[in-house]
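Novice:
Protein chains: 2
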Amino acid sequence: MTAKDKIHDAVRNALVKDGWIITHDPLTIRYKGARVFVDLGAEQIIGAERKDEKIAVKIKSFVGPSVMQDLEGAVGQYVIYLSFLEQVEPERKLYIAISHPLSISAFQNEAVQMLVRRNHIALVVVDVVSEEVVQWMPI
Amino acid sequence: MTAKDKIHDAVRNALVKDGWIITHDPLTIRYKGARVFVDLGAEQIIGAERKDEKIAVKIKSFVGPSVMQDLEGAVGQYVIYLSFLEQVEPERKLYIAISHPLSISAFQNEAVQMLVRRNHIALVVVDVVSEEVVQWMPI
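So the protein lines, in turn, are chains A and B. Letter by letter, the first sequence follows residues 0 to 138 in numbering that gives the first Met the number 0. Letter by letter, the second sequence follows residues 0 to 138 in numbering that gives the first Met the number 0.
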């Protein structure tokens, strides 16, 4: 099992422990034939529901050689998925799942925090060892 | 000379023909020590001025194996650079330069056009053979 798959499973398990029902893995977002967009990035999106809430969780494992390139990918993917979700399923909230403690340091950088605020990026921090949600950081 | 360098030179020459003075090549954007962000992506940013106008032009050559991945990179980079420019030099307008006819077809896709509109992405289309600006598409 790759590091990427381990993080995927950990996030999935953490969501279930947090009371969510996994409804899609992967979640496919379609907009005017642009299904191809689901192939963006290496990590897939998980769809989950809890009571009246629906979420789409995009996992970023930050296992690439450059944190900055991973971040660029994360922001690009978030903005693209958010743009599509707003059109086809606006009630579903989009989150980027980041792993604690592996990826968390990248998000403590002041410039990165400005990017997250300015671009309304919602985060969920997951402890990949205990497989538990550490913190929801909605928009 | 690589295809990437050819497009870079063509865009630079097209801007000069269009009356712009190239002031930075590459343009470095700094925000709270996050200079590292200028290393994002393979293509560098050109800074130019004409009368009272200042622009930053990010070239996307779309020479990668996947148009969608190139597009993801373009959107991610645009959003990141725009976020920083707003903080440090808000009067400088950011454009993505795309080549005619090489990259133009990707931007005729309906889903891509929605992304461009929704995310306020300004484009400048450059004919890389004649090295002329074909069209400015501001926000």
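No residue lacks a Cβ here, since even glycine has one placed at the ideal position from N, Cα and C.
1) What first and last residue would you give for the alpha helix (DSSP H) that runs through Ile138 (chain A)?
2) Of all the CB atoms in chain A, is at least one closer than 7 Å to the CB of Arg117 (chain B)?
3) So, His99 (chain B) versus Val124 (chain B), is the Cβ gap smaller than 7 Å?
4) Run the CB neighbour count on Ala47 (chain B), radius 10 Å, all protein chains shown included, and call it buried at 16 or more, exposed below.
5) Look up Glu52 (chain A) in the DSSP assignment and say whether it is helix, strand or coil.
6) Can you tell me where the beta strand (DSSP E) with His23 (chain A) in it begins and where it stops?
7) Determine the DSSP secondary structure at Lys59 (chain B), reduced to helix, strand or coil.
8) Would you kindly work out how many angstroms separate the C-alpha atoms of Ser65 (chain A) and Leu122 (chain A), rounded to a whole number?
9) Closest to Ala55 (chain A) by CA distance: which of A:Phe83, A:Val127 and A:Asp126 is it?
10) In the DSSP assignment, find the alpha helix (DSSP H) that holds Leu149 (chain A) and state where it starts and stops.
11) Going by the DSSP bridge assignment, what does His7 (chain B) pair with across the sheet?
12) According to DSSP, is Ile79 (chain A) part of a helix, a strand, or is it coil?
13) Could you check the C-alpha separation between Gln43 (chain B) and Asp4 (chain B) for me, to the nearest Å?
14) Check this for me: beta carbons of Val78 (chain A) and Val78 (chain B), under 7 Å apart or not?
15) Is Lys31 (chain A) helix, strand or coil by DSSP?
16) Under 7 Å, do His119 (chain B) and Ile138 (chain B) count as touching if we go by C-beta distance?
17) My output table needs one value for Gln43 (chain A): the three-state DSSP class, helix, strand or coil.
18) Whole angstroms is fine: what's the gap from Ile28 (chain A)'s alpha carbon to Val74 (chain A)'s?
19) Could you tell me which residues DSSP puts in a beta bridge with Ile95 (chain B)?
20) By DSSP's criteria, Val131 (chain B) is part of a beta bridge. Which residues make up the other side?
21) I need the DSSP call for Glu90 (chain A), collapsed to helix, strand or coil.
22) In three-state DSSP terms, what is Asp69 (chain A)?
23) Contact check, Arg49 (chain B) vs Gly18 (chain B) under 8 Å by CB: the rounded distance?
24) Just the chain A side, please: which residues come within less than 9 Å of Asp75 (chain B) by C-beta, in chain order?
Specialist: Walking through what the data contain:
1) Unbroken run through Ile138 (chain A): none, as it is neither H nor E.
2) yes
3) yes
4) buried
5) strand
6) Ile20 to His23
7) coil
8) CA-CA distance, Ser65 (chain A) to Leu122 (chain A), rounds to 20 Å.
9) Of all alpha-carbon atoms in A:Phe83, A:Val127 and A:Asp126, the one lying nearest the alpha-carbon of Ala55 (chain A) is that of A:Phe83.
10) Here chain A covers residues 0 to 138 and nothing more, so residue 149 (chain A) does not appear.
11) Looking at the DSSP assignment, His7 (chain B) forms no beta bridge with any residue, so it has no partner.
12) Of the three classes helix, strand and coil, the one that applies to Ile79 (chain A) here is helix, per DSSP.
13) 10 Å
14) yes
15) coil
16) yes
17) Here Gln43 (chain A) sits in coil by DSSP.
18) 17 Å
19) B:Lys57 and B:Leu122
20) Note that residue 131 (chain B) is Glu in the sequence shown, not Val. Its beta-bridge partners are B:Asp126.
21) If DSSP states are grouped into helix, strand and coil, Glu90 (chain A) belongs with coil.
22) Here Asp69 (chain A) sits in helix by DSSP.
23) 5 Å
24) Note on residue identity: the sequence assigns Gly, not Asp, to residue 75 (chain B). Near Gly75 (chain B) (Cβ distances below 9 Å), the residues of chain A are Leu70, Glu71, Gly72, Ala73, Val74, Gly75, Gln76, Tyr77, Val78 and Ile79.
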